[in-house]
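Position 202 (the sequence shown) corresponds to 202 in full-length UniProt numbering; numbering is contiguous. Structure, as structure tokens:
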Amino acid sequence: MALSKTQKIELFMTGIGVLTNVFIIYFAAIIGYPLLIALPIAGTNIYEYFLDNVGVNINDGKVYFVFTLLVMAIGFSMTYRRVHRKYNYIQLDKIIQHLHYIAEGNFDTRVPEIQNTQLQPVVWSINQLVDATVQALDNQKKYEKTKDELIANVSHDIRTPLTSTIGYLDVIVNHKYDTEKQKEHYINIAYKKAKTMKTLVEDLFLYTDSLQQSYHIQCVEIPIYFYLEQLAAEFELTAQEKGINIVVEVEPADLQVCFDADKMARVFANLISNAIKYGHGADRIRLIAYEQVEQQQNIFEVRNNGQVLEAGEEDKIFERSYRTEKSRNAKEPGSGLGLAIVKNMIHLHQGEIYALVENNETVFRMTMPKKIKKGETDENSEI
Numbered sequence: 001m002a003l004s005k006t007q008k009i010e011l012f013m014t015g016i017g018v019l020t021n022v023f024i025i026y027f028a029a030i031i032g033y034p035l036l037i038a039l040p041i042a043g044t045n046i047y048e049y050f051l052d053n054v055g056v057n058i059n060d061g062k063v064y065f066v067f068t069l070l071v072m073a074i075g076f077s078m079t080y081r082r083v084h085r086k087y088n089y090i091q092l093d094k095i096i097q098h099l100h101y102i103a104e105g106n107f108d109t110r111v112p113e114i115q116n117t118q119l120q121p122v123v124w125s126i127n128q129l130v131d132a133t134v135q136a137l138d139n140q141k142k143y144e145k146t147k148d149e150l151i152a153n154v155s156h157d158i159r160t161p162l163t164s165t166i167g168y169l170d171v172i173v174n175h176k177y178d179t180e181k182q183k184e185h186y187i188n189i190a191y192k193k194a195k196t197m198k199t200l201v202e203d204l205f206l207y208t209d210s211l212q213q214s215y216h217i218q219c220v221e222i223p224i225y226f227y228l229e230q231l232a233a234e235f236e237l238t239a240q241e242k243g244i245n246i247v248v249e250v251e252p253a254d255l256q257v258c259f260d261a262d263k264m265a266r267v268f269a270n271l272i273s274n275a276i277k278y279g280h281g282a283d284r285i286r287l288i289a290y291e292q293v294e295q296q297q298n299i300f301e302v303r304n305n306g307q308v309l310e311a312g313e314e315d316k317i318f319e320r321s322y323r324t325e326k327s328r329n330a331k332e333p334g335s336g337l338g339l340a341i342v343k344n345m346i347h348l349h350q351g352e353i354y355a356l357v358e359n360n361e362t363v364f365r366m367t368m369p370k371k372i373k374k375g376e377t378d379e380n381s382e383i
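Okay, structure coming up:
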């Protein structure tokens, strides 16, 4: 931080003051030295004593010269230390002034760097702290904004099936149907709409829960081939209705993986469900698992050979409530939170998930460490 003219004058006067004091002491010593060596000792004086017994002339000009050099060295050293300390005080006062200014809410201000090895680390730490505070405030604002958007989106998604359910139930309660068969039809529609609302609410709760720091995972060793086979069996009937065959591919076949079985079941279920719903024209879904030994990580993939993602959708589909053109036009209900939940679940496992198009297939690729470190939280979980 540059010094003002007043501060430079203050430093200069500090140096002059120290040198003046040293000069006064030096002047007093020069005057007092002849008096000192004239003091009596052993029947003579100090000067004669040293000359007769030691053979040293302590009143020689060399003594004064050496003394003068010594005083000059001490004087300049004291002046430098005092001026340097004063400079530090001035810079520290400037830092405190900046801190007070920042504390008043001026978070766009940073403490300027100073050419001082002692205080520069302090300045860096302060600026890093301010940056972290600004980032936290921005995240909080983003959280508040997206929370409102999330509530608005889910409320909108719930309103449609809720209105429809009320309409059909009103028909039933007021006996506005013509036949019992028509009544059963309306009841069935109302039931499906209620299940849609239940799914929306469950997705909302699961998504918000996955953002909490208290939301932990419990990893266990799992034979991934049998795990994926079980998941494939759960979706087999739904997939066959659309002419889709679900295939499991694991290399090596006895591969053991470590993750939270329940939470990863939700991950795979969301990805398989999406592939069935929106993979138009697909006849095959592949669930793949393999290991990368050198990188000490496991790779999981869910692939379908249906209509592929459009350019630019690879990153957007993990955003809350983002809908591709295919999903917006689909009849199947959804909250739009499925892939956002998947992303958070993978981050809880200290992994990453990517969407890409490869060999005319839509691919969701998940990378996870073979051993998940306990007690670590992922900072990339979406707010």
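Don't be surprised by glycine CBs; every beta carbon is placed ideally from N, CA and C. Note that this is a predicted model, so its numbers are computed, not measured.
One question on the structure: do residue 207 and residue 340 come within less than 8 Å of each other, judged by their Cβ atoms? Yes, the Cβ-Cβ distance between residue 207 and residue 340 is below 8 Å.
Tell me which residues share the same chain as residue 330 and place their Cβ nearer than 8 Å to its Cβ, disregarding the 5 neighbours each side in the sequence. Because residue 330 sits at a pLDDT of 47, beneath the cut-off of 50, its placement in the model cannot be relied upon, and the following sentence gives the value as read from the coordinates. Annotation for residue 330: 277, 278 place their beta carbon closer than 8 Å to its own, counting only its chain and skipping 5 residues before and after.
Out of 118, 113, 158, which one is the CA nearest neighbour of residue 128? Answer by Cα proximity: 113.
Thinking just about the alpha-carbon of each residue, which of 105, 9, 30, 32 is nearest to the one in residue 87? 9 is the residue among 105, 9, 30, 32 whose C-alpha sits nearest the C-alpha of residue 87.
Buried/exposed call for residue 175, threshold 16 Cβ in 10 Å: By the 10 Å Cβ count, residue 175 comes out exposed.
Selected residue, minimal CA-CA separation from residue 29, among 64, 19, 18, 152: Of the candidates 64, 19, 18, 152, the one whose C-alpha sits nearest the C-alpha of residue 29 is 64.
CA-CA distance, residue 157 and residue 298? In a straight line, the C-alpha of residue 157 is about 36 Å away from that of residue 298.
Could you give the residue range of the beta strand (DSSP E) that holds residue 298? Run containing residue 298: 297–304, per the beta strand (DSSP E) assignment.
Spatial neighbours of residue 79 within its chain, please: CB distance less than 7 Å, with the 5 preceding and 5 following residues excluded, ordered by chain position. If we look at residue 79 and ignore the five residues flanking it on each side, its Cβ neighbours are 15, 18, 19.
Return helix, strand or coil for residue 27, following the three-state DSSP convention. In the structure shown, residue 27 sits in a helix (DSSP, three-state: H, G or I).
So residue 255 packs on residue 291, CB below 8 Å; how close in whole Å? Right, the Cβ-Cβ distance comes to about 6 Å (below 8 Å), so this counts as a contact.
Output the distance between the C-alpha atoms of residue 272 and residue 356, rounded to the nearest integer angstrom. Going by the C-alpha atoms only, they are around 16 Å apart.
As a quick exercise: from 152, 149, 189, pick the residue whose alpha carbon is nearest that of residue 166. Out of 152, 149, 189, 189 has the C-alpha closest to the C-alpha of residue 166.
Ends of the alpha helix (DSSP H) at residue 65? Residues 61–103.
Which same chain residues, not among the five before or five after residue 194, have their C-beta less than 7 Å away from its C-beta? Hits under 7 Å: 165.
Let me check one thing: in DSSP terms, what residues is residue 246 bridge-paired to? Paired residues: 285.
Using 8 Å as the threshold, is the C-beta distance between residue 285 and residue 246 below it? A Cβ-Cβ contact shorter than 8 Å links residue 285 with residue 246.
Distance between residue 243 and residue 227 (C-alpha atoms, nearest Å): Roughly 23 Å separates the two Cα atoms.
In the structure shown, what three-state DSSP assignment does residue 225 receive? Reduced to three states, the DSSP call for residue 225 is helix.
What do you get for residue 263, buried or exposed, if any count of 16 or more other CB atoms within 10 angstroms of its CB means buried? With 16 or more other Cβ atoms within 10 Å, it is buried.
Note down the Cα distance separating residue 349 from residue 301, rounded to an integer number of angstroms. Our two residues, residue 349 and residue 301, have alpha carbons roughly 16 Å apart in a direct line.
Assuming residue 126 and residue 111 form a contact by the criterion Cβ under 8 Å, report the distance between their Cβ atoms to the nearest whole angstrom. Approximately 5 Å separates the beta-carbon atoms of residue 126 and residue 111; this is inside 8 Å, confirming the contact.
Measure the Cβ-Cβ separation of residue 200 and residue 154 and say whether it is below 8 Å. Yes, the Cβ-Cβ distance between residue 200 and residue 154 is below 8 Å.
Among residues of its own chain, excluding the 5 on either side of residue 232, which ones have a beta-carbon nearer than 7 Å to its beta-carbon? Counting only Cβ-Cβ distances below 7 Å, and skipping sequence neighbours, we find 246, 248, 287.
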